[in-house]
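Below is one structure, written out as C-alpha cells; comments come after it.
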Amino acid sequence: MNSTLDNVDVLDPTIAAPITNVAEYGFEGRFEDWTEQARYFEYSTAANPIGSGHTSRIPLTRFGRDLYADAPTGVIPLDLSRELGIADGPATSPGLLANFVRIRAGEHVAASPNATSQLYYVLEGRGFAAVDGRLVAWEKGDFLTLPASCRATFNADSDAALYWVHDEPMLRYLGAEATKPRFRATKFPRARAVVELEKIAARPGANDKNRISVLLANAEQEQTLTITHVLWAMFGLLPAGQEQRPHRHQSVALDLILDAQPDCYTLLGTRLDEHGDIVDPVRVDWEPGGVFVTPPGMWHAHYNDSGAPAHLIPVQDAGLQTYLRSLDIRFTGRR
Ligand SMILES: [Fe+2]
11 MNSTLDNVDV LDPTIAAPIT NVAEYGFEGR FEDWTEQARY FEYSTAANPI
61 GSGHTSRIPL TRFGRDLYAD APTGVIPLDL SRELGIADGP ATSPGLLANF
111 VRIRAGEHVA ASPNATSQLY YVLEGRGFAA VDGRLVAWEK GDFLTLPASC
161 RATFNADSDA ALYWVHDEPM LRYLGAEATK PRFRATKFPR ARAVVELEKI
211 AARPGANDKN RISVLLANAE QEQTLTITHV LWAMFGLLPA GQEQRPHRHQ
261 SVALDLILDA QPDCYTLLGT RLDEHGDIVD PVRVDWEPGG VFVTPPGMWH
311 AHYNDSGAPA HLIPVQDAGL QTYLRSLDIR FTGRR
C-alpha cells in the first residue's frame with residue numbers, strides 16, 4: 011500500500027480542519043475551554059531557563075558537623091530548597107534530600123518518607139532499626155538501603171549519628187506516591203565494605219588508577235549497577251599524597267567526608283585547560299563528618315596533601331541518570 015500523501019495540505023498546521031456539525035453529537039455547549047494555563051514563549055527566551063538565570067543552579071554548598079555534633083535527637087535536613095526555588099518542602103538537590111540524623115542513647119527516630127530509595131550511612135554509634143516489623147542491627151560504618159513504602163524506626167543503643175539520603179523531593183515534584191518496592195532492604199556491613207576497599211587498594215598499580223573505591227550495588231539493579239535504582243553510592247579512599255584527576259557527571263553528588271586531616275580538599279570548576287586541569291577552581295576543604303554538594307556538570311578533582319589517608323562517601327542520583335542514559339560521566343587523562 012502506498013502511504014504517500016497526495017496533498018500535504020492535510021498536515022499543514024496553518025490550515026484548520028474541515029468544519030463538522032458538532033450539533034450531531036449532542037454535546038453542543040458542553041465543551042470546556044481548557045486554555046487558561048497555556049503559555050507561549052518565543053524559543054530563545056525560554057529554551058535555556060538555567061542559562062538565562064530564570065531557574066537557579068544547584069549551589070556548591072557545605073554543611074558542617076556542627077549541625078549535629080551537639081544536637082538532641084532529631085532529623086537535620088540539609089536544606090537548599092530556598093536557593094533552588096522549591097516551595098513545597100526541603101531539598102538538597104531538585105531530586106534528593108540529604109539529612110543528618112542524631113539519635114541519643116536510648117532514644118529513637120521514625121522515618122517513612124515518600125521515597126523510592128533511602129540510603130543510611132552510620133557515622134557514629136550503634137543500634138537497631140525496626141522496619142515494617144522486621145529488625146536489623148546497625149553500627150558505625152554500616153550502610154542500609156530501604157525501598158518504597160517502608161515504615162522504619164531507628165533506635166540507638168549509644169549516641170548515634172546517621173547520614174540519610176532519599177528521593178522524596180523528586181516524588182513531590184512528580185506528584186507521585188512511591189508504593190512499589192523496587193529492591194529488597196539491604197545492609198552493607200562496615201567490615202565487608204572495608205575488606206573490599208582494602209582488596210582494591212592492595213592490587214598492583216592501585217595508586218596509579220586515580221581512584222581506590224568500592225561502588226556499592228544492589229543485585230536488582232542490573233542496568234545501572236548502583237545501590238538502588240535511583241541512588242549511587244561509593245565508599246572511597248584517598249591515600250596520603252594522592253590526587254584524583256578531574257571528572258564530571260550530570261548526577262548531583264552529596265559528598266560525605268569521614269576521617270580527613272587538614273589539606274584534604276576538592277577543586278571544582280566549569281572548564282578544563284589544555285593540560286586537563288580545572289580553570290579557576292573553587293577549593294572546598296574537607297571537613298570530617300561534613301557534607302558538600304557537587305553540582306551536576308562541574309569538573310571536580312580530589313586532593314590529599316595531608317599525611318594521612320582519608321575516606322569519603324559520595325551519594326548521587328546516578329542510578330536514575332544512568333537508567334535515563336543521561337549520566338555523561340567523563341574523565342580527563344591529560345596532564
Ligand atoms: Fe564525582
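Throughout, our numbering is defined as the position within the sequence shown, counted from one, plus 10. C-beta: ideal position from N, C-alpha, C; glycine also.
- prompt: Is it right to say Ile267 is buried, meaning 16 or more other beta carbons lie within 10 angstroms of its own, or is it exposed?
  reply: buried
Cross-strand partners of Val294 (DSSP beta bridge): Thr276
- prompt: Going by the beta-carbon positions, is the gap between Arg293 and Leu277 smaller than 7 Å?
  reply: yes
task: Look at the Cβ atom of Gly307, then the Cβ atom of Pro291, and state whether they are nearer than 7 Å.
output: no
message: Closer than 8 Å is the cut-off here; do at least three beta carbon pairs connect the region 229-237 with the region 191-202?
response: yes
Residue range of the unbroken alpha helix (DSSP H) whose run includes Glu53: Per the sequence presented here, residue 53 reads as Tyr, with Glu not at that position. Segment Tyr53 to Ala56, the alpha helix (DSSP H) holding Tyr53.
query: When the distance is taken between beta carbons, is Leu264 closer than 7 Å to His321?
result: no
task: Check Leu334 in the structure and name its three-state DSSP category.
output: coil
message: Measuring only the C-alpha atoms, how far is Phe302 from Ile323?
response: 11 Å
- prompt: Counting Cβ pairs closer than 8 Å, one from the region 61-80 and one from the region 89-106, do we hit at least three?
  reply: yes
message: Quick check on the burial criterion: 16 or more other C-beta atoms within 10 angstroms. Buried or exposed for Gly300?
response: buried
- request: Work out the CA separation of Gly84 and Leu145 for me, nearest whole Å.
  value: 21 Å
message: For a minimum of 4 consecutive residues, which ranges assigned as the alpha helix (DSSP H) are wholly contained in the region 103-178?
response: none
field: Rounded separation between Tyr183 and Cys160 - CA only
entry: 20 Å
Chain-ordered list of residues that sit, by beta carbon, closer than 7 Å to a heavy atom of ligand 1: His257, His259, Ala263, Thr304, His310 and Pro324
task: Pick helix, strand or coil for Asp265, following the three-state DSSP scheme.
output: strand
- prompt: Using the rule of at least 16 other Cβ atoms within 10 Å of the residue's Cβ for burial, across every protein chain shown, is Gln231 buried or exposed?
  reply: buried
- prompt: Using CA coordinates, which residue listed in Phe341, Leu21 and Met244 is at the minimum distance from Ile288?
  reply: Phe341
Distance CB(Pro9)-CB(Ser316) smaller than 7 Å: This structure leaves residue 9 out entirely; the chain is present only between 11 and 345.
- request: Would you check if there are 3 or more beta carbon pairs closer than 8 Å linking the region 168-177 to the region 121-134?
  value: yes
- request: Would you please state the rounded distance, in angstroms, between the beta carbons of Arg213 and Ala170? I believe it to be under 8 Å.
  value: The pair is not a contact, with the Cβ atoms about 34 Å apart (cut-off 8 Å).
field: Outcome for Ile113 when other beta-carbon atoms lying within 10 angstroms are tallied against a minimum of 16
entry: buried
- prompt: Pick from Ala162, Arg192 and Glu149: whose alpha carbon is nearest that of Asn228?
  reply: Arg192
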